[in-house]
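These notes concern the structure reproduced below.
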Amino acid sequence: MFGDYSVGDLGAIFAMQAFAGLILFSVFVLMALGLAIIFGQMGVINMAHGEFMILGAYVTWMTKTVFQEYLPSLFAGYFFLAMALAFVAAGALGMLVEWTLIRHLYRRPLDTLLATWGLSLILQQAYRSIFGAREVGVELPEWMMGSKHITDTIEVQINGLFVMALTTLITCAVAYIIYWSRWGRQVRAVVQNRVMAGAVGINTEKVDRYTFGLGCGIAGVAGSAFTMIGSTSPTAGQLYIVDTFLVVVFGGAASLVGTIASAFTISQARSTLEFFLSGSMAQVLTLLAIVGILMLRPQGLFTLKVRK
Amino acid sequence: MSHRNGDNSGRRGSGWLTPSRRNILAGIAALPAMSLIPRTSFAEAPATSVVNTTGLAVTDTEVTVGILHSVTGTMAISETGSVEAEKLAIAQINEQGGVLGRKIKFIQEDGASDWPTFAEKAKKLLVNDKCASVMGCWTSASRKAVLPVFEQYNGMLYYPTFYEGLEQSKNVIYTGQEATQQIIAGLDWVTKEKGAKTFYLLGSDYIWPRTSNKIARKHIENHLKTKVVGEEYFPLGSTQFNSVINKIKLTKPDVIYAIIVGGSNVAFYKQLKAAGIDLSKQTLLTISVTEDEIDGIGGENIAGAYACMKYFQSLDNPNNKAFVAAFKKMWGEKTVIGDVTQAAYLGPWLWKLTAEKAGSFDIDKIAAASPGVEFKGAPEGYVRIHENHHLWSKTRVGRARPDGQYDLIYETKDLVEPDPFPKGYQ
Amino acid sequence: MIKTPRFLKRGDLMAMVALAVLLVVILPMTLDVFRLNLVAKYLTYAFVAIGLVLCWGMGGILSLGQGVFFGLGGYCMAMFLKLEASSVANTKIQSTPGIPDFMDWNQITQLPLFWQPFHSLTFALIAVVVVPTAFALLVGTAMFKRRVGGVYFAIITQALAAILTILIVGQQGYTGGINGITDLRTLKGWDIRSDHAKLILYFVEVACLFACIVVAILIRNSKLGRILVAMREKEDRVRFSGYNVANFKIFAFCAAAAFASIGGALFTLEVGFMSPSFVGIVPSIEMVIYTAVGGRLSIFGAVYGTLLVNFAKTSLSESFPQLWLFGLGALFIAVVLAFPNGLAGIWRDYVQVHLVRLIFRRRPPPGAVPGWTDDSVADAAAAE
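Chains as they are written, first to last, in the numbering used here: chain A, 925 to 1232; chain B, 497 to 922; chain C, 38 to 421.
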């Protein structure tokens, strides 16, 4: 298929394809980070993760509507406020859910799956009742649209750059919180041995609640960012759930580095395959490869050795 | 037999006949109904025993129809508009005195975006509720699921969506376009007006886009003698299009021919714009994006694209103006009306006109009387039912504006004949 | 205490009689054919639910991919029925008569090789059980031999469901795509769509259901069943006792798959079509929910749970189409939080106790209550 093109063309395509892979990588990391915290650190299978993302998307849409109505002069910057609000809203809902639902189920991880599935149904219907069944369009400020010409043939998408920057920022923040902050040490202590952590004076309930809230909040930010590239409708969250879980599981549940590495592998594989095959087959092959590798290496790419 | 569970909704019409014996009882059955309800106010209406010989839910004052769409699940996004349009049409018909002197009462069921549920609910509407007709379904899969039910229990379905063709049934009136009506005129237009030589075909991975692209490819290669440079399918709900956008940049087609549906649409057009493909320069022709979808995509992301439909909300004719005003009055100023919504609106009207032409609600008579029924008040202008139960209608090309509406660019001079089994395209 | 070996305990027998009275006498007497056909449709899911009791409730292996086996079984049946419906006489208008209509639409001019054997009913019936079970064996062996378990297994099976859905939808020339295989009419010339046929099929299905229940009870009451429970509680101890844990897990998973496949095949017969919407993630999780509502440890509970959830779904969506998801979601949460043992647990803890008191005048017989359940989820969880 490359016969007809000049070397320059091919170089440009190669560069843009690499960039497309990087965008997909950022998207995956952003999707998976929240879940990596909730599932990886706490062992809770949050099937409503996608719905928390969509909550972030709807918050963004509401912020947009408010700005369009009342503050059109500040429209260029609304997205930053929207992301902050999305974090707060999803995080708050997450803490509420942890308090009412999840904390009763820490001993039964598989049951969290069922309960959060029920939650996701309720949230979907709630979005439908509140925002209507139709998709809502989230309009972006002018500066976030379009692309930048690097050379004549190579262009990079501004919203892609934005997602990449956002992902880097959030990943660094999460890494700092989990690995270097005092609170992060408490989180890891609770994960490794809940009883012992309680015995040395850590308020495990509080740690759990904030950890869950943090994970959901990041999901909210991810959802907010995804309004740039995807759709916002009551059921859109379901589209993300399988990909997200696979990224986390493939990376090795308790490892942040693993999540990032697995997001990188999966995104590059898919984006390359999509270039050579049709979209459907690319997706099937990537999923099959992941499942195959997981059978050979059940604990994922990176494992954390913990005494249980 | 009992209707212990059938009665729970309290919304049923006169479904007091059991299905298996309805033929025998039909004549007798009409008698108690007539004696129970005084017929003073409907003196002009023909007797129930005359218009309903097969035990449908028809009384002297009312006739029951079903509405069967998804109001929950992923398809609720698309089907909401159809439900709204059908309710509007029914309300308007009732205002004008109903059908054969009887008010229309509707029973709404939720298909829940799940094909077996559609089949189950269709059966309920026909067997339990005895609906005289059903307006419903949206996806091909849901229609395929209910079709055997309608044929077995002899119901009448008015199906609103443009679809892939390859089907024709006595029990269905297809108020949307079949594939050739939507595709061929559009391709001819784009070749003539834009001088297009190369096409890149895109679609969601299921039967409608695949069949439509097949017809498009045949037309492009065999009739227009131009070239297809790529053909790609994506799983429903896919949100990543950067790779294919790169491929499009590589192959530089004259026309991107896109049949992407649902949430994927939003992702596709947003990413297309972000990748710097300017739709005011790059010709993109779609048959899957109506005004409804643009609401989610955002007008600014798709402005400049061409869509091939039979109806646009912006059509400038008195029928459409009245329709748009009535629709907005009923469902809010902000709602938009797409091609399918309009086609759904035709359903109840065509059924009313057919019933009046046949002088009966009997399914067999409706099916027989349908060919040739004309609806002059259609928002799209004028439609007529073909012998194959599809509609004669015009094909139109519109160009998307940033405000989410289409400007009409081109329309066929005459009505295009529906041809669900096109020779040379299979 | 030495127990006399008995295949069916008295409690099981009583429960079976009660279920038989409900399914064979009460429901057919009170419901019209339309509603009875709905019950038949629900009951096909009960096969899956019973399988999940073995695999998840007893063995502790949560599979989120039961839809795969349900679907494979259903597709095997549907392929046979479709071939029968696509006789040359019925498909004269096609460019290639004698092949299913969807193949003709996709320019396939010859019946694909893997469709050929499905001309035979015997082959199809064998394939209904063998194909899904073999697939389960493959997946199970690959996973359990490498000690993939728990959450990982659940997520991988979920991914399998996603893969198979995309494949079926994508290969529409061979599978019918998203529409599935529709318009199935006759079985060996017998019209399966008539009311009479529906009635007969219903009773055939109930018979199959009881056969499966008996098999499941036999498994549960055998030594095998006890090892499964032991494995769920403390896998390592079972392993150290010299048992090959993986093999038992594979067995439970395959048994669940076989049950699901029978359900799928019956579904195809009852409803008259099969589509990829049963293979996906959502139906697979819903099937787990049926089991959870019924009580994940109770074989009979699974049947009642399936019926209850589906009845609720149908009637709620008939009367409040916009609201039924709220109810369904709340039901999931309630079952997990408040009633981890589901209906069976409620029965055991609240109803049966009083019944026994009533019957035996406040003196339960020594040797405890004849129960549906031998233990409970909450107890198991507390023991961890």
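Even glycine gets a Cβ: it sits at the ideal position worked out from N, Cα and C.
Bear in mind that the values here come from a model prediction, so they are computed numbers and not experimental data.
So Gln648 of chain B contacts chain C; which residues on that side make the cut at Cβ distance below 7 Å? Taking the second sequence and counting its residues from 1, one reaches residue 648 of chain B at position 152. Residues of chain C passing the Cβ test: Arg230.
Step through the CB atoms of chain D and report whether any lies within less than 8 Å of the CB of Ala1213 of chain A. Judged by its chain identifiers, the structure shown contains no chain D, and its protein chains are A, B and C.
Any idea what DSSP makes of Ser335 of chain C, helix, strand or coil? Working through the third sequence from its first residue, we reach residue 335 of chain C at position 298. When DSSP states are grouped into helix, strand and coil, Ser335 of chain C belongs to the coil group.
Taking 8 Å as the CB-CB limit, is Val390 of chain C close to chain A? For the purposes of this step, residue 390 of chain C is taken as the residue at position 353 of the third sequence. Answer no: the Cβ-Cβ gap between Val390 of chain C and chain A never drops below 8 Å.
Below 8 Å on C-beta distance, what does Val499 of chain C contact in chain B? Because residue 499 of chain C is not part of the residues shown, which for chain C are 38 to 421, the question remains open.
List the residues of chain B that Phe493 of chain C touches, going by C-beta distances under 9 Å, in chain order. Residue 493 of chain C cannot be examined here, being either before or after the span of chain C that is shown, 38 to 421.
Can you list the beta strand (DSSP E) stretches of 3 or more residues lying completely in the region 762 to 822 of chain B, in chain order? Listed in chain order, the complete beta strand (DSSP E) runs (minimum 3 residues) inside the region 762 to 822 of chain B are 779 to 782, 802 to 805.
With a threshold of 8 Å between beta-carbons, can Leu303 of chain C be considered close to chain B, or not? The residue you call residue 303 of chain C lines up with position 266 of the third sequence. Output row for Leu303 of chain C: interface = no.
Taking its Cβ as the centre, do 16 or more other Cβ atoms sit within 10 Å of Thr735 of chain B, making it buried, or is it exposed? Against the second sequence, residue 735 of chain B aligns to sequence position 239. Thr735 of chain B should be labelled buried.
Return the chain-ordered ranges of every alpha helix (DSSP H) run that is complete within the region 1106 to 1148 of chain A and spans a minimum of 4 residues. Counting only runs of 4 or more, we get 1106 to 1116, 1118 to 1123.
Candidates B:Ile603, B:Leu596, B:Gly593, of which the one nearest Val579 of chain B by Cα: In the second sequence, the residue the question calls residue 579 of chain B occupies position 83. Residue B:Ile603 is the option with its Cα nearest to Val579 of chain B.
Using only alpha-carbon positions, find the residue among C:Ala253, C:Phe71, C:Asn127, C:Ala115 that is nearest to Val85 of chain C. Start at 1 with the first residue of the third sequence, and residue 85 of chain C comes out as number 48. Of the candidates C:Ala253, C:Phe71, C:Asn127, C:Ala115, the one whose C-alpha sits nearest the C-alpha of Val85 of chain C is C:Ala253.
Nearest-angstrom Cα separation, counted from Ala289 of chain C out to Ala173 of chain C: In the third sequence, residue 173 of chain C corresponds to position 136, counting from 1. In the third sequence, residue 289 of chain C corresponds to position 252, counting from 1. Looking at the two C-alpha atoms, the distance is approximately 10 Å.
Please name the residue, chosen from C:Gly207, C:Asp220, C:Ala244, C:Glu270, that lies closest to Thr707 of chain B on a Cα-to-Cα basis. Numbered from its first residue, the second sequence carries residue 707 of chain B at position 211. Closest by C-alpha distance to Thr707 of chain B, out of C:Gly207, C:Asp220, C:Ala244, C:Glu270, is C:Gly207.
Is there a Cβ from chain A that is less than 8 Å from the Cβ of Ala55 of chain C? Translated into positions along the third sequence, residue 55 of chain C becomes position 18. No - not a single Cβ of chain A is within 8 Å of the one on Ala55 of chain C.
Give the DSSP-derived three-state secondary structure of Thr722 of chain B in the structure shown. For the purposes of this step, residue 722 of chain B is taken as residue 226 along the second sequence, with counting starting at 1. Looking at Thr722 of chain B - three-state DSSP - the assignment turns out to be coil, as it is neither helix nor strand.
Along the chain, where does the alpha helix (DSSP H) containing Phe1199 of chain A start, and where does it finish? Position 275 of the first sequence, counted from the first residue, corresponds to residue 1199 of chain A. 1180 to 1200 is the span of the alpha helix (DSSP H), which, as asked, contains Phe1199 of chain A.
At a Cβ cut of 7 Å, what residues of the region 1157 to 1171 of chain A count as close to chain C, listed as they run along the chain? Listed in chain order, the positions of the region 1157 to 1171 of chain A with a beta carbon within less than 7 Å of a beta carbon of chain C are Val1166, Phe1169, Leu1170.
Positions along the region 344 to 373 of chain C whose CB lies within less than 9 Å of some CB in chain A: Taking a C-beta cut-off of 9 Å against chain A, the contacting residues of the region 344 to 373 of chain C are Gln359, Leu360, Trp361, Leu362, Phe363, Leu365, Gly366, Ala367, Leu368, Phe369, Ile370, Ala371, Val372, Val373, listed in chain order.
Pick from A:Met966, A:Pro1222, A:Val1166, A:Tyr1164 that is closest to Arg1031 of chain A, judged by C-alpha positions: Position 107 of the first sequence, counted from the start, is the residue given in the question as residue 1031 of chain A. Among A:Met966, A:Pro1222, A:Val1166, A:Tyr1164, the Cα nearest to that of Arg1031 of chain A is on A:Met966.
Following the continuous beta strand (DSSP E) through Ala293 of chain C, name the residue where it begins and the one where it ends. Your numbering for residue 293 of chain C matches position 256 in the third sequence. Looking at the DSSP string, Ala293 of chain C is not in any beta strand (DSSP E); the run it does join, the alpha helix (DSSP H), is 282 to 308.
Under 9 Å between beta-carbons, which chain A residues line up against Thr735 of chain B? List them in chain order, please. Walking along the second sequence from the start, residue 735 of chain B turns up at place 239. Within chain A, the residues near Thr735 of chain B are Val951, Phe1150, Ile1153, Gly1154, Ser1155, Ala1160, Leu1163, Tyr1164.
Three-state secondary structure assigned by DSSP to Gly1224 of chain A: If you number the first sequence from 1, residue 1224 of chain A lands on position 300. Note: Gly1224 of chain A maps to coil in three-state DSSP.
So for Thr555 of chain B, helix, strand or coil by DSSP? Indexing the second sequence from 1 puts residue 555 of chain B at position 59. Note: Thr555 of chain B maps to coil in three-state DSSP.
Run the CB neighbour count on Ser157 of chain C, radius 10 Å, all protein chains shown included, and call it buried at 16 or more, exposed below. What you label residue 157 of chain C is simply residue 120 of the third sequence in a count that begins at 1. Counting Cβ neighbours within 10 Å, Ser157 of chain C comes out exposed, since fewer than 16 surround it.
DSSP state of Gly632 of chain B mapped onto helix, strand, coil: Along the second sequence, read from residue 1 onward, the residue named residue 632 of chain B stands at position 136. In the three-state scheme derived from DSSP, where H, G and I count as helix and E and B as strand, Gly632 of chain B is classed as strand.
In chain B, what lies closer than 7 Å to Ile299 of chain C by C-beta? The count along the third sequence starts at 1 and reaches residue 299 of chain C at position 262. Result: empty, since nearest Cβ-Cβ is about 18 Å, beyond 7 Å.
Under 8 Å, Cβ to Cβ, is there at least one residue of chain C near Ile961 of chain A? Taking the first sequence and counting its residues from 1, the one referred to as residue 961 of chain A is at position 37. Not a single C-beta of chain C is nearer than 8 Å to the C-beta of Ile961 of chain A.
Which residues, in chain order, does the region 260 to 278 of chain C contribute to contact with chain B at a C-beta distance below 7 Å? Hits within the stretch: zero.
Can you tell me the Cα-Cα spacing of Ala529 of chain B and Gly551 of chain B, whole angstroms? On the second sequence, residue 529 of chain B is found 33 positions in, with the first residue counted as 1. On the second sequence, residue 551 of chain B is found 55 positions in, with the first residue counted as 1. In this prediction, Ala529 of chain B scores a pLDDT of 40, lower than 50, which makes its location untrustworthy; the coordinate-derived value is nonetheless stated afterwards. One Cα belongs to Ala529 of chain B, the other to Gly551 of chain B, and the distance between them is close to 12 Å.
Which residue spans inside the region 1052 to 1091 of chain A form an unbroken beta strand (DSSP E) run of at least 3? The beta strand (DSSP E) runs of length 3 or more contained entirely in the region 1052 to 1091 of chain A are, from start to end of the chain, 1071 to 1073, 1079 to 1081.
Nearest-angstrom Cα distance between Phe310 of chain C and Gln678 of chain B? Your numbering for residue 310 of chain C matches position 273 in the third sequence. Your numbering for residue 678 of chain B matches position 182 in the second sequence. Straight across, the Cα-Cα distance linking Phe310 of chain C with Gln678 of chain B is about 29 Å.
For Gly1137 of chain A, collect the residues of the same chain with a Cβ closer than 6 Å to its Cβ; drop the 5 residues on either side in sequence, then sort them by chain order. As a working note, residue 1137 of chain A is residue 213 in the first sequence. Taken in chain order, the residues that qualify are Gly1015, Gly1018, Met1019.
Please say whether Val869 of chain B and Lys890 of chain B have beta carbons closer to each other than 8 Å? To locate residue 890 of chain B, count along the second sequence from 1; it is residue 394. To locate residue 869 of chain B, count along the second sequence from 1; it is residue 373. Going by C-beta atoms, Lys890 of chain B is not nearer than 8 Å to Val869 of chain B.
Could one say the Cβ of Glu1198 of chain A lies closer than 8 Å to chain B's Cβ atoms, at least one of them? Here residue 1198 of chain A refers to the residue found at position 274 of the first sequence. With 8 Å as the cut-off, Glu1198 of chain A counts as an interface residue toward chain B.
What number of angstroms, rounded off, separates the C-alpha of Gln1285 of chain A from the C-alpha of Leu621 of chain B? Absent from the model: residue 1285 of chain A. The displayed extent of chain A is 925 to 1232, so no value can be given.
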